[in-house]
Structures are given as structure tokens and as C-alpha cells.
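Numbering (the numbering used here), first residue to last: 9 to 271. Structure first, then comments.
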């Protein structure tokens, strides 16, 4: 598998905020002429939410799931000065530099689990992914999936890798059964987890995981709460993923037991 490549664009026009949650992502236009949903480094969880978005999205892509193109989105110092909303202006001021953008899927609609039935193989793949990256936020309340051109697309992985908010005992966190999987919106259909586990373990080689963690920019790894270098922080993410993959039976069994309790 070729190493993933992330393009860098410059944000040229702020279009509208997406007032979902507390992070105030926005639709914006970039210098390549395309629109993106921008997640800002100046928002609540800072660069760690951007790292989770990047890693979660590119792991999903490596596994063959549908994910909008991810780009590095640069905001220069002058951007946002004419914005009338003071909260948004403050957010943009704190987000100068490198942010993350997801290609805006024009015309996409939010996935409704009541109206749309997802097949068991795809459901199992998405449940496996979210248990692997410890994503607590793909529930009935907030599915974080879109229907676009009759296909299911994964968005918003920023709530993944929650171990990095405390940044300790990553070895223990890598082996967590992830009990939050019981709330996953697709869990009832996910009855192919063992088959999915075998397939995905063969795809996510050390080479693939190292290439993906290598995408994290240095500017997102200048953390005040640690003396570790960007290289050392990247190594922790890689080691977390490698350890979690080697112990996938732990979270697979948790998901299977949770599913048995609900169907």
C-alpha cells in the first residue's frame, strides 16, 4: 500500500458555521476552489481533536471505507478579521496556522438509522473501526455518517483516541474493551465482527500504521503538558494502534457481548 498523501490548501473564505457541539466547525472555501468542513485548532479540544480526525479518517480509508478527502487547511493571520461574530472571530484568531478540512459533500444528508438499513458487512466494518480507534461518538443521537450518492460516508472522528486527553497509561488504554461500543448506532446489524477482524488485521500492517501516524504535522505536536518531542508523541500513537490491533480480541468480544444483549 502506498503511503497516504494529504494535500495542503489555504482557506480563502469563511462561509458559515456548523453549530453542532461546542467546537464550531465551519464550511469554508479554499484556494483550490473547493469547499471544506474545517475543524479548528483553536476549538475546545485543540489539536488533539484534529489528530483524532486525521488518524481516524485515514485508518478508515485504508480499510476501504468511504471518507471525504482530508486536507491540511491553513489560516493566515489576516483571515477572519472582518467576521462580525466575536466568538467566531476569537476562534479564527486562535486557529491561525494549520487546521484540518474534510471535503464538503454537497447535497449529502444525515444518515437516519430508522429510514436506511445498512448491510451486515458494512455495519461490522464500521463498528470494528470505532472500537479500534475508541470513537465514542457514532450513536443514535449523533450518527456522524452521511448518505451521499446512495453510499454511506464516515465523518467526524474527532472524539476518537480519548486516551490522549490524559496522556498517561497508553499501554493500559490500548487494551481497553471499549464498553462505549454498546451505544453504537450500527451494532445491531454488526454480526460479522470475527470475519472483519481477520480481514482488517491483515490490512493494518506496521507499515500502514506508521505511514498514517507519520502524517501528524509537527505543529500539532507542540504540547505544553509534555516534554516529549513530536517524534516521541507520534511513536506513542503508533504503539497504541499496534498494541490495540494485537489485542483486538478484547474489543471484539466486548462488541459481540454488547450486541448479544441488545438483539
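Note that beta-carbon positions come from the ideal geometry of N, C-alpha and C, so glycine has one too.
task: On the DSSP bridge assignment, give the partners of residue 196 in chain order.
output: Sequence index remark: in the chain shown, residue 196 carries index 188 (1-based). Answer is none; residue 196 lacks a bridge partner.
- request: Would you identify the three-state DSSP class for residue 19, choosing helix, strand or coil?
  value: Mapped onto the chain shown, residue 19 falls at position 11. Three-state DSSP puts residue 19 in a strand.
- prompt: With 16 other CB atoms within 10 Å as the buried threshold, where does residue 132 fall?
  reply: Residue 132 sits at position 124 when you count from the first residue of the chain shown. With 16 or more other Cβ atoms within 10 Å, it is buried.
query: For residue 147, which three-state DSSP category applies?
result: To locate residue 147, count along the chain shown from 1; it is residue 139. When secondary structure is reduced to three states using DSSP, residue 147 falls in the strand class.
query: Roughly how many angstroms lie between the CA atoms of residue 231 and residue 126, to the nearest whole one?
result: Along the chain shown, one-based indexing puts residue 231 at 223. Along the chain shown, one-based indexing puts residue 126 at 118. Spanning the two alpha carbons is a distance of roughly 40 Å.
message: With DSSP as the reference, identify every bridge partner of residue 109, one or two as the case may be.
response: On the chain shown, residue 109 is found 101 positions in, with the first residue counted as 1. Paired residue(s): 46, 79.
query: residue 103 and residue 141 look like a contact to me (Cβ under 8 Å); what is the Cβ gap, rounded to whole Å?
result: Against the chain shown, residue 103 aligns to sequence position 95. Against the chain shown, residue 141 aligns to sequence position 133. Not really, about 24 Å apart at Cβ, beyond 8 Å.
task: List the DSSP bridge partners of residue 254.
output: Translated into positions along the chain shown, residue 254 becomes position 246. Looking at the DSSP assignment, residue 254 forms no beta bridge with any residue, so it has no partner.
query: How long is the line joining the alpha carbons of residue 114 and residue 15, rounded to whole angstroms?
result: Reading the chain shown from its first residue, position 106 is the one you call residue 114. Reading the chain shown from its first residue, position 7 is the one you call residue 15. Taking C-alpha positions only, residue 114 is separated from residue 15 by approximately 20 Å.
task: Give the straight-line distance between the Cα atoms of residue 234 and residue 50, rounded to the nearest whole angstrom.
output: Here the question's residue 234 lines up with position 226 in the chain shown. Here the question's residue 50 lines up with position 42 in the chain shown. Approximately 19 Å between the Cα atoms of the pair.
- request: Could you give the DSSP three-state label for residue 95: helix, strand or coil?
  value: In the chain shown, counting from the first residue as 1, residue 95 sits at position 87. Of the three classes helix, strand and coil, the one that applies to residue 95 here is helix, per DSSP.
- prompt: Closest by CA to residue 143, which one among 159, 166, 123?
  reply: Working through the chain shown from its first residue, we reach residue 143 at position 135. Measuring from the Cα of residue 143, the nearest candidate turns out to be 166.
- prompt: So what does DSSP say about residue 100, is it helix, strand or coil?
  reply: Within the chain shown, the letter at position 92 stands for residue 100. Helix.
query: In whole angstroms, what is the alpha-carbon distance linking residue 221 and residue 243?
result: What you label residue 221 is simply residue 213 of the chain shown in a count that begins at 1. What you label residue 243 is simply residue 235 of the chain shown in a count that begins at 1. A straight-line Cα-Cα distance of about 8 Å links residue 221 and residue 243.
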